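A.B. asks: Residue numbers (the working numbering): 488 to 662. Yeah, the Cβ is synthetic: ideal placement off N, Cα and C, and Gly gets one too. From a predicted model like this one, the values you see are computed outputs, not experimental measurements.
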């Protein structure tokens with residue numbers, strides 16, 4: 488049966504064969520999306536998460552938390568697969584270039600959250616420690632940040648005032 492199919496594919500023009508192969512890849516990806524949210528699929532993905540096959544969170548304060556693949560859109564063709572960290576609950580671009588060609592829809596937006604609901608023991612504790620910026624070992628006072636924000640707001644207001652002052656003068660007719 489497959490020999491006859493191979494002979495049929497070989498006799499097709501290159502463009503038609505490429506289109507069939509692309510359609511087959513797309514169909515496989517959509518089947519994958521459905522499979523990983525089944526009971527058997529979740530068990531397999533649970534094992535992959537335990538072995539950190541998808542990588543680890545790049546955030547230092549997550550302490551090498553294993554990440555899960557996630558799609559940011561369920562519609563194929565919009566975004567490539569991303570990595571979701573259950574500890575910091577953030578999404579990261581995968582470091583490997585091979586992941587850039589995998590469509591995020593083939594994992595879907597539901598998968599990591601469903602896996603963590605089915606296996607609540609996988610849900611890590613939220614990090615209590617936060618990075619505290621310091622200069623020469625001294626914490627930066629919160630007033631410094633407030634002053635920077637106030638300076639930025641003042642600059643924006645100054646620019647708006649200057650733009651408003653220029654606009655009426657340019658619109659006034661010459662007498």
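Under 7 angstroms between the Cβ atoms of residue 590 and residue 556?
C.D. replies: The answer is no: Cβ separation not under 7 angstroms.
A.B. asks: To the nearest angstrom, report how far apart residue 610 and residue 641 are at their CA atoms.
C.D. replies: About 44 angstroms.
A.B. asks: Quick one: Cα of residue 506 to Cα of residue 575, how far?
C.D. replies: The straight-line gap from Cα to Cα measures roughly 41 angstroms.
A.B. asks: Is there contact between the region 585-599 and the region 543-552, where contact requires at least three CB pairs shorter than 8 angstroms?
C.D. replies: Segments in contact, no.
A.B. asks: In or out: residue 558 buried (at least 16 other Cβ within 10 Å) or exposed?
C.D. replies: With 16 or more Cβ atoms within 10 Å of its Cβ, residue 558 is classed as buried.
A.B. asks: Alpha carbon to alpha carbon, how far is residue 620 from residue 648?
C.D. replies: Distance between the alpha carbons of residue 620 and residue 648: 35 angstroms.
A.B. asks: Who are the Cβ neighbours of residue 527 in its own chain at under 7 angstroms, not counting the five residues just before and after it?
C.D. replies: Hits under 7 angstroms: none found.
A.B. asks: Starting from residue 532, follow the alpha helix (DSSP H) in both directions and report where the run begins and ends.
C.D. replies: Counting along the chain, the alpha helix (DSSP H) containing residue 532 begins and ends at 526-537.
A.B. asks: Per DSSP, residue 553 is paired with what?
C.D. replies: Paired residues: 543.
A.B. asks: For residue 594, count neighbouring C-beta atoms within 10 Å of its own C-beta (all shown protein chains included) and say buried if the count is 16 or more, exposed if not.
C.D. replies: Its Cβ being crowded by 16 or more others within 10 Å, residue 594 is buried.
A.B. asks: At which residues does the alpha helix (DSSP H) containing residue 515 begin and terminate?
C.D. replies: Where residue 515 is concerned, the enclosing alpha helix (DSSP H) stretches over 501-522.
A.B. asks: For residue 645, count the other beta carbons within 10 Å of its own beta carbon; 16 or more makes it buried, fewer makes it exposed. Which is it?
C.D. replies: Its Cβ having fewer than 16 others within 10 Å, residue 645 is exposed.
A.B. asks: Give me the Cβ distance between residue 561 and residue 525, rounded to the nearest whole Å; I'm assuming they're in contact under 8 angstroms.
C.D. replies: That pair is no contact at about 17 angstroms.
A.B. asks: Take residue 539 and list the residues in its own chain whose beta-carbon comes closer than 6 angstroms to its own, dropping the five residues that flank it on each side.
C.D. replies: Correct list, in chain order: 553.
A.B. asks: How long is the line joining the alpha carbons of residue 541 and residue 580, rounded to whole angstroms?
C.D. replies: Their backbone Cα atoms lie some 12 angstroms apart in a straight line.
A.B. asks: Pull up the DSSP beta-bridge partners for residue 571, would you.
C.D. replies: Paired residue(s): 555, 578.
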